[in-house]
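Student: Input: one structure, supplied below.
In the numbering used here, the protein residues as written are 417 to 536.
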């Protein structure tokens with residue numbers, strides 16, 4: 417199957433309504449859909465980023481998500497997001513593979529990453 421590609425990533429949150437402003441306003445991701453009846457939200461992060469309520473399963477939140485959001489300039493992005501109130505768990509650092517990374521948390525305690533890939 418050569419036509420496989422990632423089209424969406426789900427992030428589980430305790431409260432979609434409480435998390436949506438973080439992703440929309442602080443991170444600046446455009447909202448594509450909000451389903452009030454099911455409580456999920458879809459944002460555009462190059463692929464669909466779906467905020468999904470966890471219901472009664474808190475084990476799905478407050479964890480490392482493995483989601484990396486690419487930035488062109490790590491230092492500028494880090495300063496801008498910190499200025500908006502995004503809480504980082506570490507400062508930008510250069511990884512062994514040459515890229516720069518910094519981790520931050522969303523309102524549900526999930527950890528995401530901003531990454532600047534090495535210039536080729």
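Using N, Cα and C, we set each Cβ at its ideal position, and we do this for glycine too.
Report the start-end ranges of each beta strand (DSSP E) in the segment 437-515 that is 3 residues or longer and not cut off at the edges.
Tutor: 447-451, 456-460, 464-469, 480-486
Student: Are the segment 431-440 and the segment 521-529 touching by the rule of at least three beta carbon pairs closer than 8 Å?
Tutor: Yes, the segment 431-440 touches the segment 521-529.
Student: Which stretch, first to last residue, makes up the beta strand (DSSP E) that contains residue 530?
Tutor: 527-532
Student: Which same chain residues end up closer than 6 Å to residue 529 when comparing Cβ atoms and leaving out the 5 residues on each side of it in sequence?
Tutor: 484, 517, 519
Student: Is the CB-CB distance between residue 459 and residue 500 below 8 Å?
Tutor: no
Student: Which residue wins for smallest C-alpha separation from residue 421, given the options 464, 477, 526?
Tutor: Comparing Cα positions, the closest option is 464.
Student: If I measure Cβ to Cβ from residue 515 and keep anything under 7 Å in the same chain, skipping five residues before and after, which residues do I get?
Tutor: Here the set comprises 531, 532, 533, 534.
Student: The beta strand (DSSP E) that contains residue 427, what's its start and end?
Tutor: 424-429
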